[in-house]
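Step one of this worksheet: look at the structure below.
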């Protein structure tokens, strides 16, 4: 498994990691209360990133 982003602290209690293996991209998100991981096929990853970018633009407009 190749580390794309090693576990990276985003906040006091929030951590993110991204890995790739074969034809899947995995994302790991953990906080003090909960953790989750998800595997994406490359085309799913592209849709996920596009959705996050869209949400980011809407959040920037709102705030």
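Residue numbers (the working numbering): 71 to 133.
Don't be surprised by glycine CBs; every beta carbon is placed ideally from N, CA and C.
Cα-Cα separation, residue i to residue j
{"i": "residue 107", "j": "residue 127", "result": "24 Å"}
{"i": "residue 81", "j": "residue 89", "result": "20 Å"}
{"i": "residue 116", "j": "residue 122", "result": "10 Å"}
Helix, strand or coil at residue i [DSSP, three-state]
{"i": "residue 102", "result": "coil"}
{"i": "residue 79", "result": "strand"}
{"i": "residue 118", "result": "helix"}
CA nearest to the CA of residue i, picked from the options
{"i": "residue 85", "options": "92, 103 and 95", "result": "103"}
{"i": "residue 118", "options": "83, 95, 78 and 131", "result": "95"}
{"i": "residue 101", "options": "83, 73 and 113", "result": "83"}
{"i": "residue 114", "options": "73, 93, 79 and 87", "result": "93"}
Run of the beta strand (DSSP E) containing residue i, from where it starts to where it stops
{"i": "residue 90", "result": "84-91"}
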